[in-house]
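Chains as they are written, first to last, in numbering that gives the first Met the number 0: chain A, 0 to 288; chain B, 0 to 311; chain C, 0 to 267. Idealized CB from N, CA, C, for every residue including glycine. Predicted model, so just to flag it, every value in this text is computed and none were measured.
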Amino acid sequence: MESETTMATMIQTENLKYAYPTMEGEAQIFALQDVDLEIEQGSFVVVLGHNGSGKSTLAKTFNGVLLPAGGKVYVEGMDTADEHLLLGIRQRVGMVFQNPDNQIVANVVEEDIAFAPENLGVPSAEIRRRVDNALAAVGMSEFVRHAPHLLSGGQKQRIAIAGVIAMEPACIVLDEATAMLDPIGRQEVLSTIHRLNREKGMTVVLITHHMNEAEDADRVVVMDNGKVAMDGTPRQVFTRIEALRNTGLTVPDTVDLLDRLRKDGLDVPLDALTVEECADAIVHAVAVK
Amino acid sequence: MNGRTEDCPRRHWESAAARKEREDLESILQIKHLTHTYGVGTPFQRSAVEDMSFDVYSGEFLGIIGHTGSGKSTLIQHLNGLLKPTSGQILLNGKDIWAEPKKIRDVRFQVGLVFQYPEYQLFEETVYKDIAFGPANMGKTGEELDHCVREAAKLVGIRDDQLFKSPFELSGGQKRRVALAGVIAMEPQVLILDEPTAGLDPAGRENLLANIRDYHRNKQRTIVLVSHSMDEIAQNVDRILVLKSAHVLMSGTPREVFARADELISAGLDVPQVTRIAMRLKEKGLPIDPAVYTVQALEQELLAARKGGAPC
Amino acid sequence: MLKDITLGQFFPGDTVAHKLDPRTKILLVTLYIIALFCAKSVVSYGLLALTLAVCVRISRVGVRALVRGLKPVLFIILFTGLLNLFFTPGTRYLVEWGPVHISDTGLHNAIFMVLRIMLLIMGTFLMTYTTSPISLTDGLERLLNGLKRLHVPVHELAMMMSIALRFIPTLIEETDKIMSAQKARGADFESGNLMQKAKALIPILVPLFISAFRRADELAVAMECRCYHGGEGRTKLHVLQYARRDWVALFLGGAITVGVLVLRQFGL
């Protein structure tokens with residue numbers, strides 16, 4: 000199993016533990032406890048969980064922003080605890096954060112996107128090419144010489160994504176990157192990363208507490224109290240209603256409705272997640288009287 | 000006065016005007032032909048709010064929804080006198096708030112405004128002192144001030160032992176409650192909340208909204224909730240005001256507004272997921288009222304439709 | 000309202016002045032300042048004023064914008080002028096009215112001092128109007144590169160400057176928001192004496208500082224995630240390169256400065 004999966008494994012954690020530094024005399028609280036996770040190359044994984052479940056902490060161990068207090072994290076086989084490998088790891092796994100403003104380094108969009116390749120010592124002409132490609136990939140080419148602080152939240156996050164793509168990474172981790180956006184901005188970011196996943200095969204790990212963002216994922220991981228509480232496809236996870244509620248999350252309205260109807264005696268499936276599927280299932284059940 | 004349909008969904012047919020008459024509601028705030036233009040006379044001239052007219056009824060729970068750019072934040076800053084109208088009037092209890100411009104601060108004590116991410120405005124050494132800032136500015140002292148602070152803290156769920164901690168030792172959610180308490184402590188007649196649940200997880204969101212509902216019920220004050228989320232608004236308010244591109248697109252009870260779901264969708268706004276399911280079911284021929292917006296209500300509709308019988 | 004404060008506003012454009020390498024412009028302004036302090040006579044000042052006028056014309060900035068740049072320092076200009084006017088002893092006295100004395104040297108000094116400050120400020124502003132803050136920082140970084148051997152952290156200083164410049168509008172926006180929020184709780188920033196007004200700033204400054212530190216922290220992490228590791232091995236998207244117009248401009252600037260120095264030798 001090892002030799003097969005190491006090729007296709009993007010990120011792997013083994014017995015991962017993390018505790019935030021505490022004051023003297025205070026008991027240590029483990030934000031992460033024995034997390035064993037494997038993220039496959041090219042997959043679109045959503046990590047859900049209530050605030051404090053450890054999902055953000057987990058994301059930050061993926062590229063060495065936080066180092067494990069116990070256990071290991073491997074990125075394409077590279078150990079994040081090895082400081083000589085850190086730069087290489089960060090080039091492979093890029094990260095986009097929650098606050099759109101606090102990721103922008105420059106006064107001009109193209110300068111900001113150029114930041115990462117400049118750090119990597121990429122030659123000037125190649126930087127130009129990467130900047131233009133990255134902008135095209137997020138659909139913001141017309142803003143190339145704009146001032147970033149004048150953009151909307153969704154646009155700023157797309158610039159942040161472009162800034163990460165310019166490193167030509169294999170994986171992007173979005174740490175609650177949609178939390179501060181309005182619905183339009185959230186939609187812009189989501190369609191951008193889905194497109195990147197589909198068209199460029201980029202591995203995407205999306206950390207969020209918005210249930211509906213997980214609908215189109217390949218895999219949903221639910222964190223609770225520093226542990227992996229659930230792991231499966233959206234259909235598998237969203238239909239385990241009691242378990243979801245116990246982890247402090249809500250169930251999508253479609254599933255909630257179907258569950259109630261089932262209890263009322265209607266023969267409907269539980270896993271019709273989308274509005275269309277749900278409506279179709281109900282019509283079918285009601286027609287068959 | 001509750002917008003939720005735990006019981007029979009068909010009771011909310013009546014229009015807002017009829018309801019007003021029936022319940023003899025007074026208007027606490029009247030907005031008359033409000034226009035606010037930025038950069039008058041420059042090439043950057045732009046009206047953020049154009050000819051908006053509507054009332055806020057005393058004691059109601061009003062929801063305001065609209066995209067970024069619809070004029071939401073400019074509008075609410077007029078309601079407490081932070082911004083001055085380019086033209087038009089704001090009447091509080093029948094009196095123009097700008098009649099005596101030097102006394103505009105008094106308006107802010109009666110119309111409390113909590114901005115988005117209010118936890119970033121905390122500054123005092125202790126939670127107590129920060130909450131006391133508002134009432135102290137009103138001139139309250141001694142026992143009266145203490146009472147205001149402690150009551151407000153209790154209303155948002157802040158414990159006594161937290162009162163004398165530094166606000167910066169608290170978690171994000173707790174800090175937000177402190178900021179909310181700081182405005183509630185002024186005991187304003189109208190409380191305006193701009194996206195109070197922004198950034199909170201589902202449990203946190205529900206918790207805070209429950210707190211706000213309790214405040215509304217117990218104190219019978221007027222609440223204005225500004226939100227992006229149609230689901231959130233639908234489940235909490237008596238009436239909805241929909242804004243689009245600096246204008247009022249429509250207003251009414253949740254049922255009245257969602258009955259015009261097509262207009263909302265073409266205006267780029269969304270309707271609650273439940274409503275979309277109901278609309279789809281109606282399209283497919285089921286005798287469903289497409290303007291329902293809670294899971295319970297839709298469940299009732301479906302059971303009634305299956306039996307083919309009369310509604311409750 | 001607060002948004003109108005921009006340090007040395009930049010007007011984008013396509014003129015020769017805009018296209019000059021930022022290093023050239025920094026060097027030209029330096030020469031200009033040296034010449035201004037060496038100028039002694041009407042002829043020299045006239046020459047420098049003419050140079051400025053020509054540059055203003057070339058850059059198409061607009062005299063009104065330049066004059067507006069003088070507004071903040073109007074007080075200093077007047078103060079300096081008056082100081083020189085009334086307190087410089089001289090050989091001949093033009094006005095003697097009680098305690099008030101105005102000497103010929105005083106009048107002479109006052110006029111030239113005022114002129115010098117005005118020309119200096121307008122010249123510097125002309126540079127910032129035609130050069131974006133990022134270019135200026137890049138230009139400075141390249142010019143001071145040699146200092147790296149003396150262990151001066153040139154790259155770090157340049158990075159600090161450009162990040163600070165990038166955050167100015169963001170922090171201004173945040174100040175606006177904090178002010179509105181505190182006003183909504185009845186904060187009064189207008190009334191009261193100086194002490195009271197200073198105290199009233201605490202509800203703005205404390206959250207602003209805390210926010211600034213938080214931003215810095217988050218930005219640092221974001222930069223490291225994009226492989227930032229200091230100035231070693233860093234390349235640039237835009238590499239500064241001198242063009243023919245730069246050499247021409249530097250030559251002319253040098254010639255005028257030498258001219259002023261020569262004039263000074265001849266007592267002019």
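Close Cβ partners of residue i (< 7 Å) along its chain, the five nearest in sequence each way excluded
i	result
alanine 7(A)	Glu39 and Gln40
glycine 133(B)	Gly181, Val182, Ala184 and Met185
glutamate 214(A)	Pro233, Leu272 and Thr273
arginine 10(B)	Bear in mind that the predicted position of arginine 10(B) carries a pLDDT of just 38, short of 50, making it too unreliable to give a figure here.
valine 137(A)	Arg157, Ile160, Ala161 and Thr191
leucine 226(B)	Note that residue 226(B) is serine in the sequence shown here, rather than leucine. Same-chain partners within the cutoff: Gly62, Ile64, Glu194 and Ile232.
alanine 18(A)	Gln27, Ile28, Phe29, Ala30 and Ala68
proline 206(C)	Ile177
Euclidean distance between Cα positions of residue i and residue j
i	j	result
alanine 151(B)	glutamine 219(B)	15 Å
valine 46(A)	valine 39(B)	48 Å
arginine 91(A)	methionine 201(A)	11 Å
arginine 67(C)	isoleucine 32(C)	20 Å
isoleucine 30(B)	glutamine 88(B)	6 Å
valine 177(B)	phenylalanine 60(B)	22 Å
histidine 228(C)	alanine 115(A)	10 Å
valine 223(B)	serine 26(B)	13 Å
lysine 196(C)	alanine 183(C)	17 Å
glutamate 298(B)	alanine 277(B)	10 Å
valine 163(A)	leucine 86(A)	14 Å
alanine 309(B)	alanine 303(B)	Per-residue confidence for alanine 309(B) stands at a pLDDT of 38, beneath the threshold of 50, marking its modelled position as unreliable; the derived number appears in the next sentence. Rounded to whole angstroms, alanine 309(B) to alanine 303(B) spans 7 Å at the Cα level.
valine 94(C)	leucine 106(C)	10 Å
isoleucine 137(C)	aspartate 216(C)	According to the sequence displayed, residue 137(C) carries aspartate and not isoleucine. If I take the Cα positions, the gap works out to 24 Å.
aspartate 300(A)	histidine 49(A)	Beyond the ends of chain A as shown, which are 0 and 288, falls residue 300(A); an answer cannot be given.
alanine 211(C)	phenylalanine 167(B)	15 Å
glutamate 110(A)	serine 57(B)	53 Å
lysine 71(B)	threonine 56(A)	35 Å
glutamate 25(A)	alanine 80(A)	26 Å
lysine 70(C)	threonine 79(C)	15 Å
glutamate 142(B)	asparagine 136(B)	15 Å
valine 53(C)	glutamate 140(C)	28 Å
arginine 144(A)	threonine 29(C)	29 Å
Contact check, residue i vs residue j, beta carbons under 8 Å
i	j	result
leucine 146(C)	leucine 47(C)	no
glycine 106(A)	arginine 165(C)	The question names glycine, but residue 106(A) in the sequence shown is asparagine. The answer is yes: Cβ separation under 8 Å.
threonine 256(C)	histidine 148(A)	no
leucine 269(A)	aspartate 279(A)	no
valine 285(A)	arginine 305(B)	yes
glycine 122(C)	leucine 19(C)	no
valine 126(B)	glutamine 161(B)	yes
glutamine 120(B)	isoleucine 177(C)	yes
valine 106(B)	glycine 80(B)	yes
glutamate 187(A)	isoleucine 206(A)	no
asparagine 14(A)	glycine 70(A)	yes
Same chain only: Cβ atoms within 8 Å of residue i, ignoring 5 sequence neighbours per side
i	result
phenylalanine 43(B)	Tyr37
valine 72(C)	Ile116 and Ile120
serine 2(A)	Only weak support is given to the placement of serine 2(A): the predicted model assigns it a pLDDT of 45, under 50, and the question is left unresolved by the model.
valine 220(A)	Leu36, Val44, Val45, Val46, Leu47, Val227, Met229 and Asp230
Sequence-distant residues of the same chain with beta carbon closer than 6 Å to residue i, five excluded per side
i	result
valine 241(B)	Ile64, Leu248 and Met249
lysine 24(C)	Met126 and Thr130
alanine 109(C)	Gly80, Asn83 and Leu84
Assess, as a yes-or-no matter, whether the stretch 54–73 of chain A is touched by the stretch 229–248 of chain A under the definition of 3 or more beta carbon pairs within less than 8 Å.
-> The stretch 229–248 of chain A vs the stretch 54–73 of chain A: no contact.
Residue ranges of each alpha helix (DSSP H) run of no fewer than 4 residues wholly in the stretch 100–160 of chain C, ordered along the chain?
-> Counting whole runs of 4 or more residues, the stretch 100–160 of chain C contains the alpha helix (DSSP H) stretches 103–129 and 132–142.
Every unbroken alpha helix (DSSP H) inside the stretch 213–272 of chain B [4 residues or more] = Runs found: 229–233, 253–257 and 260–265.
Length-filtered (3 minimum) beta strand (DSSP E) runs lying within the stretch 29–73 of chain A = Complete beta strand (DSSP E) runs here, min 3: 29–39 and 43–48.
Okay, do the stretch 263–270 of chain B and the stretch 93–105 of chain B touch, 3+ Cβ pairs below 8 Å being the bar?
-> No, because fewer than three Cβ pairs between the stretch 263–270 of chain B and the stretch 93–105 of chain B fall closer than 8 Å, the two stretches do not touch.
Mind the definition here: the stretch 158–168 of chain A touches the stretch 79–95 of chain A only if three or more C-beta pairs lie below 8 Å; say whether that holds.
-> Yes, they touch.
Determine contact between the stretch 231–238 of chain C and the stretch 8–24 of chain C, defined as no fewer than three beta-carbon pairs at a distance below 8 Å.
-> Judged by Cβ distances under 8 Å, the stretch 231–238 of chain C makes no contact with the stretch 8–24 of chain C, as fewer than three pairs qualify.
What are the start and end residues of each continuous alpha helix (DSSP H) run of 4 or more residues lying completely inside the stretch 42–121 of chain B, in chain order?
-> List check, alpha helix (DSSP H) in window: 71–78 and 103–109.
Give, in chain order, every unbroken run of the beta strand (DSSP E) that is at least 3 residues long and sits entirely within the stretch 23–98 of chain C.
-> Counting whole runs of 3 or more residues, the stretch 23–98 of chain C contains the beta strand (DSSP E) stretches 92–96.
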